[in-house]
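Participant:
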Amino acid sequence: MGETRSDILQGTLDLMVLQTLDAMGPLHGYGIARRIEQISEDVLQLNQGTIYASLLRLQQRRWISASWGTSDNNRKAKFYAITKTGRKQLAAQAQNWERISAVMMRMLRLAQR
Amino acid sequence: MPTWLAVLASRIGGLVRAGRHDRDFDREVESHLNLLTEDYIRRGLSATEARREAILRFGGPVQIKEQQHERRSLPLVETTLQDIRYGGRALRKSPAYSLVAIATLAIGIGAGTAVFSVAGAVLLRPLPYRAPDELVRIFETNPLRRWTRNIAAPANYADWRTRNKSFTGIGAYEQFNTNGSGAGDLFLTGFGEPQALKGLGVSGNLFAVLGANPLLGRTFTEEEQWEGRSRVAVLSFGLWQSAFGGDPSIVGRTITLSGRGYDVVGVMPRTFFFPGRDVQLWIPFGYTHELVTTARRPHWLGVVARRRPGISFEQARDDMTAIARDLEKQYPDTNTQMGVHLEPLHESYASGPRTALLMLSGAVGLLFLIVCANIANLQLSRGVSRTRELAIRRALGAGRSRILRQLLTESIVLSVAGGSIGFVLAALARIVVTRYASSAIPLFAVVQTDRTVLFFALGLSLIAPLVFGIVPALRTSRSEQVSDRSETASRETGRLRDVLVATEVALSIVLAVGAVLLMRSLTYLQDVDPGFTKEHAISFTMTLPSARYADPAARYRAFADIERRLGELPGVQSVGATSTLALRGFTWTGDTTIEGRSSIDYERDTRHMSTTPGYFGAMGIRLLAGRTFEAGDTRDKPPVTVINESLARRYFRGLSDAAIVGKRLAFGRPQDNSPWVTIVGVVADEKQDGLDRPAEPTEYSSVAQRMQNPLTFVVRTTVAPEAAFAGARAQVAGVDKDLALTQTATLEDVVDGSMSDARFRTTLLAAFAGIALFLAALGIYGVLAYFVSQRGREMGIRLALGARPAALFRLVVGQGLRPVAAGAAIGLAGAVAVTTLMQSLLFGVTPVDLAAYAVATAVLAAVALAACTMPALRATRVDPLVALRED
Numbered sequence: 406m407g408e409t410r411s412d413i414l415q416g417t418l419d420l421m422v423l424q425t426l427d428a429m430g431p432l433h434g435y436g437i438a439r440r441i442e443q444i445s446e447d448v449l450q451l452n453q454g455t456i457y458a459s460l461l462r463l464q465q466r467r468w469i470s471a472s473w474g475t476s477d478n479n480r481k482a483k484f485y486a487i488t489k490t491g492r493k494q495l496a497a498q499a500q501n502w503e504r505i506s507a508v509m510m511r512m513l514r515l516a517q518r
Numbered sequence: 019m020p021t022w023l024a025v026l027a028s029r030i031g032g033l034v035r036a037g038r039h040d041r042d043f044d045r046e047v048e049s050h051l052n053l054l055t056e057d058y059i060r061r062g063l064s065a066t067e068a069r070r071e072a073i074l075r076f077g078g079p080v081q082i083k084e085q086q087h088e089r090r091s092l093p094l095v096e097t098t099l100q101d102i103r104y105g106g107r108a109l110r111k112s113p114a115y116s117l118v119a120i121a122t123l124a125i126g127i128g129a130g131t132a133v134f135s136v137a138g139a140v141l142l143r144p145l146p147y148r149a150p151d152e153l154v155r156i157f158e159t160n161p162l163r164r165w166t167r168n169i170a171a172p173a174n175y176a177d178w179r180t181r182n183k184s185f186t187g188i189g190a191y192e193q194f195n196t197n198g199s200g201a202g203d204l205f206l207t208g209f210g211e212p213q214a215l216k217g218l219g220v221s222g223n224l225f226a227v228l229g230a231n232p233l234l235g236r237t238f239t240e241e242e243q244w245e246g247r248s249r250v251a252v253l254s255f256g257l258w259q260s261a262f263g264g265d266p267s268i269v270g271r272t273i274t275l276s277g278r279g280y281d282v283v284g285v286m287p288r289t290f291f292f293p294g295r296d297v298q299l300w301i302p303f304g305y306t307h308e309l310v311t312t313a314r315r316p317h318w319l320g321v322v323a324r325r326r327p328g329i330s331f332e333q334a335r336d337d338m339t340a341i342a343r344d345l346e347k348q349y350p351d352t353n354t355q356m357g358v359h360l361e362p363l364h365e366s367y368a369s370g371p372r373t374a375l376l377m378l379s380g381a382v383g384l385l386f387l388i389v390c391a392n393i394a395n396l397q398l399s400r401g402v403s404r405t406r407e408l409a410i411r412r413a414l415g416a417g418r419s420r421i422l423r424q425l426l427t428e429s430i431v432l433s434v435a436g437g438s439i440g441f442v443l444a445a446l447a448r449i450v451v452t453r454y455a456s457s458a459i460p461l462f463a464v465v466q467t468d469r470t471v472l473f474f475a476l477g478l479s480l481i482a483p484l485v486f487g488i489v490p491a492l493r494t495s496r497s498e499q500v501s502d503r504s505e506t507a508s509r510e511t512g513r514l515r516d517v518l519v520a521t522e523v524a525l526s527i528v529l530a531v532g533a534v535l536l537m538r539s540l541t542y543l544q545d546v547d548p549g550f551t552k553e554h555a556i557s558f559t560m561t562l563p564s565a566r567y568a569d570p571a572a573r574y575r576a577f578a579d580i581e582r583r584l585g586e587l588p589g590v591q592s593v594g595a596t597s598t599l600a601l602r603g604f605t606w607t608g609d610t611t612i613e614g615r616s617s618i619d620y621e622r623d624t625r626h627m628s629t630t631p632g633y634f635g636a637m638g639i640r641l642l643a644g645r646t647f648e649a650g651d652t653r654d655k656p657p658v659t660v661i662n663e664s665l666a667r668r669y670f671r672g673l674s675d676a677a678i679v680g681k682r683l684a685f686g687r688p689q690d691n692s693p694w695v696t697i698v699g700v701v702a703d704e705k706q707d708g709l710d711r712p713a714e715p716t717e718y719s720s721v722a723q724r725m726q727n728p729l730t731f732v733v734r735t736t737v738a739p740e741a742a743f744a745g746a747r748a749q750v751a752g753v754d755k756d757l758a759l760t761q762t763a764t765l766e767d768v769v770d771g772s773m774s775d776a777r778f779r780t781t782l783l784a785a786f787a788g789i790a791l792f793l794a795a796l797g798i799y800g801v802l803a804y805f806v807s808q809r810g811r812e813m814g815i816r817l818a819l820g821a822r823p824a825a826l827f828r829l830v831v832g833q834g835l836r837p838v839a840a841g842a843a844i845g846l847a848g849a850v851a852v853t854t855l856m857q858s859l860l861f862g863v864t865p866v867d868l869a870a871y872a873v874a875t876a877v878l879a880a881v882a883l884a885a886c887t888m889p890a891l892r893a894t895r896v897d898p899l900v901a902l903r904e905d
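The listed protein sequences derive, respectively, from chains X and S. The numbering used here applies: residue 406 is where the first sequence begins, and numbers increase by one. The numbering used here applies: residue 19 is where the second sequence begins, and numbers increase by one.
As structure tokens, this is what we get:
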């Protein structure tokens with residue numbers, strides 16, 4: 406599995422999903438997608454289905470777990486929750502992300518001059 | 019758990035539960051879509067519009083489900099599993115093809131696996147000793163005596179031990195007889211019936227050198243090898259189980275062996291053996307210091323040493339060669355030209371059967387290739403009939419590599435099915451061989467159907483499809499919908515099939531020539547005159563325990579008693595006894611001085627035997643001149659000897675047998691001053707080392723004058739063998755109830771047994787050659803049948819136009835025989851190259867024996883013609899009308 410551009414994007418989405426689950430507690434796929442759109446103030450308009458690729462990947466790594474439950478409006482839905490390893494990963498990746506974005510910012514500012 | 023492992027585990031899980039996960043995800047998507055739809059409805063859209071918007075927003079649920087399915091498991095594995103299922107179905111659809119292919123593969127893989135389970139056990143399996151690669155055998159050599167791998171003299175062995183710098187230890191064991199492991203009979207009494215056991219005298223350090231630890235108790239100490247300390251024994255696992263019921267308290271108890279008490283100090287583990295599996299217990303040899311430091315002849319020790327870490331085999335050899343050279347200078351009398359020869363222990367064990375096993379391995383290798391060629395052939399013709407099916411798959415979007423993969427998977431399914439049956443066949447063959455032809459397997463080898471053998475069979479099953487499946491798969495997957503019916507494509511396939519048939523023919527003629535050579539050798543061997551009459555005679559060996567029969571006179575009386583009583587049995591015509599029975603090698607050799615020659619002239623390595631007067635008559639050995647022994651040749655009379663023809667010709671060149679009678683010999687060198695012995699008779703040679711080997715110069719003494727123990731009795735009788743042995747047992751028990759008969763065999767068995775190896779390998783190679791020819795015939799038949807079916811229309815038209823059936827017959831047969839002739843030419847040339855390698859297995863024929871080549875070619879021609887006949891006949895019977903209506 407080579408490192409491609411979509412992989413990097415996927416990685417970003419993974420991080421968003423982890424962060425969302427960490428902040429909001431267990432959510433179903435629809436809820437996660439809505440939440441990400443809201444936070445991004447609808448800058449990020451995803452095909453909501455793509456979220457499931459991310460959810461499967463995170464599950465396979467055992468960073469999140471899934472189980473069927475009932476939603477607020479009494480519908481059956483699959484709920485995802487972050488695991489302990491998931492939290493550790495989130496912390497590590499968030500830090501990494503901050504470092505990279507700080508570097509990016511500096512680079513871009515320097516380039517502007 | 020590392021992340022990658024978690025992912026892999028999850029994906030493998032996904033493979034198994036694919037269906038459940040798919041349904042689960044369907045529900046999840048549905049619930050997601052419902053939530054989205056509700057959202058849109060709340061925003062004021064109609065139900066239908068909301069649903070459409072939801073699907074758009076979600077983004078192609080079908081694709082996402084598809085992608086999710088692939089991500090959840092291992093797509094490559096999944097499609098392979100699909101291919102396997104598909105392949106299985108395709109094979110079931112053409113059962114005739116599948117059965118033939120699977121049966122052929124089962125034979126090829128089964129034969130390969132069976133031979134591997136023996137050859138691997140003999141040539142490859144490490145010996146059950148610690149770091150077996152460090153162990154070497156040390157032999158003595160002497161060009162004057164034509165010794166290349168001789169056993170060692172005790173004093174030389176003792177000097178090697180003290181002088182070497184290359185070994186952590188040098189152990190030794192008694193090896194009296196060149197044909198066996200040297201173990202002698204010991205009689206266990208006090209535990210039920212007296213039993214003859216194979217016991218081996220060893221040095222105190224032998225077990226330490228081998229690095230073999232006991233299961234119970236201990237092995238020997240250094241000191242226990244000396245006289246007075248040596249009444250201790252270590253038991254083999256087998257003996258411990260059979261004679262002592264596996265009772266652990268046997269360690270520390272005293273058992274009686276041949277009338278002497280031995281303390282059992284240890285039991286070896288089940289896997290241990292030394293040097294052969296026939297040895298049941300070990301005792302220290304119990305020599306005096308004097309013997310070990312002075313005996314530089316004769317030679318009777320097998321020597322095993324362990325190289326020091328860091329010392330290479332070559333360094334060890336150079337070290338030993340230097341020591342031998344020093345000994346040569348120091349003891350010119352005994353050690354002149356006495357050198358050493360080192361061999362890795364395993365190599366020395368396997369040296370005997372190596373050539374035969376390599377030959378059989380090569381033969382099954384050829385057979386395996388023929389099997390592959392045959393199946394490739396089958397697949398090519400099947401590929402033609404499958405073009406429509408494959409064309410449909412292509413049209414539906416399957417790429418060439420996908421189809422290639424599918425075809426190869428099918429081959430693997432076929433091969434694994436055949437391989438599984440082959441493995442079972444090999445396991446059965448192993449049971450049959452170990453039960454009925456155990457003498458064909460060396461005593462040290464453990465032949466079993468274990469994991470290694472299973473992996474070998476599996477390996478063959480996976481290699482086979484690559485060999486037989488690639489070319490047909492490439493060919494079949496390439497064929498385009500349109501062009502596959504074209505003339506060029508079918509002609510190309512036809513040529514390829516001709517090449518395959520030629521290959522099969524070439525390989526099988528090599529096997530056929532090899533088999534015919536071995537069969538001719540065996541025939542020659544069977545026709546060899548062993549020098550005695552093998553019909554209507556039984557033999558058995560008697561060992562008198564030295565504790566109860568201490569002096570030669572007592573032994574002589576006991577043996578004479580037994581001989582007399584045997585003679586009283588009904589149906590017995592004559593009885594005799596010898597120290598070494600014909601075809602069982604020899605017991606000991608020595609130098610001989612001939613009266614009247616110069617004081618430095620003597621003959622080397624005369625074989626010594628002792629017999630009773632009745633022996634020559636009982637065996638039916640021809641007397642050439644003089645007389646054999648008489649009752650009057652007793653201890654107090656001048657010593658006499660009977661010599662064999664080889665000795666007469668070699669030591670008395672130019673003299674007639676009659677002229678030799680009356681001459682005198684001394685057993686020893688001139689300076690030994692041994693007493694003169696008068697030659698009273700010359701007898702014909704009896705074969706000693708094998709029917710294929712000439713007898714060596716041998717002198718016979720009368721047991722009355724020169725006692726030996728044990729003796730082997732020969733009883734010529736008109737009674738059936740079982741009854742004769744029963745009678746003999748009763749008569750022996752009448753003399754001493756604690757004596758047991760060992761090595762019971764009719765003389766026919768003895769002669770047969772000496773040929774068992776040759777017969778075994780001949781039978782196997784003949785079987786392989788037979789299978790190979792049969793497969794080649796199948797191949798020829800297949801190609802011709804295909805040819806006729808392709809050209810059926812043409813034949814029909816020719817017939818309609820007035821062609822004579824005989825001409826058509828010739829056309830088809832000629833078509834079939836073309837690749838056969840080409841293959842045969844190549845095969846015969848190859849056979850010349852290959853059969854020279856089996857020179858040492860041949861007797862009476864040379865590797866380029868013209869008759870053998872002619873016979874093999876004739877058999878092949880007959881088989882090929884038979885295979886051609888049926889398709890050719892079919893060609894002449896094509897109904898023109900039917901042929902024209904086809905298509």
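Beta carbons are placed, not taken as given, at the ideal position from N, Cα and C, and that holds for glycine.
Helix, strand or coil: how does DSSP classify S:GLN726 here?
Facilitator: Mapped onto the second sequence, residue 726 of chain S falls at position 708. Coil.
Participant: Would S:LEU299 and S:SER260 be called neighbours here (beta carbons separated by less than 8 angstroms)?
Facilitator: By one-based count along the second sequence, residue 299 of chain S stands at place 281. By one-based count along the second sequence, residue 260 of chain S stands at place 242. Not closer than 8 angstroms, so no.
Participant: Determine the closest residue to S:LEU891 out of S:TYR799, S:LEU878, S:GLY820, with distance taken between C-alpha atoms.
Facilitator: Taking the first residue of the second sequence as position 1, residue 891 of chain S is located at position 873. It is S:TYR799.
Participant: Considering only the alpha carbon of each residue, which of S:THR646, S:LEU543, S:LEU443 lies closest to S:GLY594?
Facilitator: Position 576 of the second sequence holds residue 594 of chain S. Among S:THR646, S:LEU543, S:LEU443, the Cα nearest to that of S:GLY594 belongs to S:THR646.
Participant: Rank S:ILE102, S:GLY138, S:GLU428, S:PRO739 by C-alpha distance to the C-alpha of S:GLN466 and give the top, closest one.
Facilitator: Residue numbering aside, residue 466 of chain S sits at position 448 when the second sequence is read from its first letter. Checked all of S:ILE102, S:GLY138, S:GLU428, S:PRO739; the closest Cα to S:GLN466 is S:GLY138.
Participant: For the alpha helix (DSSP H) holding S:MET338, just list the boundary residues, first then last.
Facilitator: Numbered from 1 along the second sequence, position 320 holds the residue referred to as residue 338 of chain S. Unbroken alpha helix (DSSP H) run through S:MET338: 331-348.
Participant: Does chain X have any CB closer than 8 angstroms to the CB of S:HIS87?
Facilitator: Taking the second sequence and counting its residues from 1, one reaches residue 87 of chain S at position 69. It does not: the Cβ of S:HIS87 has no partner Cβ on chain X nearer than 8 angstroms.
Participant: Taking only beta-carbon positions, decide if S:GLY77 is within less than 8 angstroms of chain X.
Facilitator: As a working mapping, residue 77 of chain S is identified with position 59 in the second sequence. At least one chain X Cβ lies under 8 angstroms of S:GLY77.
Participant: Touch check for the stretch 606-615 of chain S and the stretch 636-644 of chain S: three-plus C-beta pairs under 8 angstroms?
Facilitator: With a cut-off of 8 angstroms, the stretch 636-644 of chain S and the stretch 606-615 of chain S do not count as touching, because too few Cβ pairs lie within range.
Participant: Just the C-alpha distance for S:LEU215 and S:ALA744, rounded to the nearest angstrom, thanks.
Facilitator: Numbered from its first residue, the second sequence carries residue 215 of chain S at position 197. Numbered from its first residue, the second sequence carries residue 744 of chain S at position 726. Near 20 angstroms, if we compare the C-alpha coordinates of S:ALA744 and S:LEU215.
Participant: If you count every other CB in all the chains shown that lies within 10 Å of the CB of S:GLN348, and 16 or more means buried, which is it?
Facilitator: Locating residue 348 of chain S in the second sequence gives position 330, counting from the first residue. It is exposed - the Cβ of S:GLN348 has fewer than 16 other Cβ atoms within 10 Å.
Participant: My parser needs the beta strand (DSSP E) runs of 3 or more residues fully inside the stretch 154-231 of chain S; what are they?
Facilitator: Listed in chain order, they are 165-168, 185-192, 202-207, 213-220.
Participant: Determine whether the beta carbon atoms of S:VAL737 and S:GLY589 lie at a separation below 8 angstroms.
Facilitator: The residue labelled residue 737 of chain S in the question sits at position 719 within the second sequence. The residue labelled residue 589 of chain S in the question sits at position 571 within the second sequence. Yes, the pair counts as a contact, with Cβ atoms nearer than the cut-off.
Participant: Near S:GLN726, which residues of its chain fall below 6 angstroms by C-beta distance, leaving aside the five closest residues on each side in sequence?
Facilitator: The sequence position of residue 726 of chain S within the second sequence is 708, counting from 1. These residues qualify, in order along the chain: SER597, SER628.
Participant: Against chain S, does X:THR455 count as a neighbour if the rule is that its beta carbon must be under 8 angstroms from one of theirs?
Facilitator: Here residue 455 of chain X corresponds to residue number 50 of the first sequence, with the count starting at 1. True, the Cβ-Cβ gap to chain S drops below 8 angstroms.
Participant: Measuring only the C-alpha atoms, how far is X:MET512 from X:ILE505?
Facilitator: As a first step, residue 512 of chain X must be located in the first sequence, where it is residue number 107. As a first step, residue 505 of chain X must be located in the first sequence, where it is residue number 100. If you take the alpha carbons of X:MET512 and X:ILE505, they lie about 10 angstroms apart.
Participant: S:PRO302 by DSSP, collapsed to three states: which one?
Facilitator: Here the question's residue 302 of chain S lines up with position 284 in the second sequence. In the structure shown, S:PRO302 sits in a strand (DSSP, three-state: E or B).
Participant: Which value, in whole angstroms, describes the spacing of the CA atoms of S:VAL750 and S:LEU587?
Facilitator: Numbered from 1 along the second sequence, position 732 holds the residue referred to as residue 750 of chain S. Numbered from 1 along the second sequence, position 569 holds the residue referred to as residue 587 of chain S. If you take the alpha carbons of S:VAL750 and S:LEU587, they lie about 12 angstroms apart.
Participant: Have a look at S:LEU819 and S:MET813 and give me their C-alpha separation to the nearest angstrom.
Facilitator: Translated into positions along the second sequence, residue 819 of chain S becomes position 801. Translated into positions along the second sequence, residue 813 of chain S becomes position 795. Cα to Cα, S:LEU819 sits roughly 10 angstroms from S:MET813.
Participant: Shorter than 8 angstroms from the beta carbon of X:ASN452 to some beta carbon of chain S?
Facilitator: Start at 1 with the first residue of the first sequence, and residue 452 of chain X comes out as number 47. Interface residue, yes.
Participant: Starting from X:ALA482, find everything on chain S with Cβ-Cβ shorter than 7 angstroms and list it in chain order.
Facilitator: To locate residue 482 of chain X, count along the first sequence from 1; it is residue 77. Residues of chain S passing the Cβ test: SER49.
Participant: Should S:LEU385 and S:LEU529 be called a contact, given that it needs their Cβ atoms to be closer than 8 angstroms?
Facilitator: If you number the second sequence from 1, residue 385 of chain S lands on position 367. If you number the second sequence from 1, residue 529 of chain S lands on position 511. Result yes, Cβ atoms of S:LEU385 and S:LEU529 sit closer than 8 angstroms.
Participant: At 7 angstroms on the CB atoms, spell out the chain S contacts of X:GLY434, in chain order.
Facilitator: Mapped onto the first sequence, residue 434 of chain X falls at position 29. Those within 7 angstroms of X:GLY434 in chain S are GLU46, HIS50.
Participant: Along chain S, which residues have their Cβ under 9 angstroms away from the Cβ of X:ALA458?
Facilitator: Position 53 of the first sequence, counted from the first residue, corresponds to residue 458 of chain X. Simply ILE82, GLN85, GLN86, ARG89.
Participant: Is the CB-CB distance between S:ARG155 and S:SER366 below 8 angstroms?
Facilitator: As a working mapping, residue 155 of chain S is identified with position 137 in the second sequence. As a working mapping, residue 366 of chain S is identified with position 348 in the second sequence. Yes, Cβ-Cβ distance for S:ARG155 and S:SER366 is below 8 angstroms.
Participant: Where does S:SER28 sit, in a helix, a strand or coil, going by DSSP?
Facilitator: In the second sequence, residue 28 of chain S corresponds to position 10, counting from 1. S:SER28: helix per DSSP, three-state reduction.
Participant: Could one say the Cβ of S:LEU53 lies closer than 8 angstroms to chain X's Cβ atoms, at least one of them?
Facilitator: Here residue 53 of chain S corresponds to residue number 35 of the second sequence, with the count starting at 1. For S:LEU53, the answer is yes, since a Cβ of chain X falls inside 8 angstroms of its Cβ.
Participant: Can you pull out the residues from the stretch 461-473 of chain X whose beta carbon lies closer than 8 angstroms to at least one beta carbon of chain S?
Facilitator: Residues LEU461, ARG462, GLN464, GLN465, ARG466, ARG467.
Participant: Please go through the same chain and pick out, in chain order, the residues whose beta-carbon is closer than 7 angstroms to the beta-carbon of S:ARG295, but skip the five residues on each side of it.
Facilitator: Position 277 of the second sequence, counting from 1, holds the residue named residue 295 of chain S. If we look at S:ARG295 and ignore the five residues flanking it on each side, its Cβ neighbours are LEU461, PHE462.
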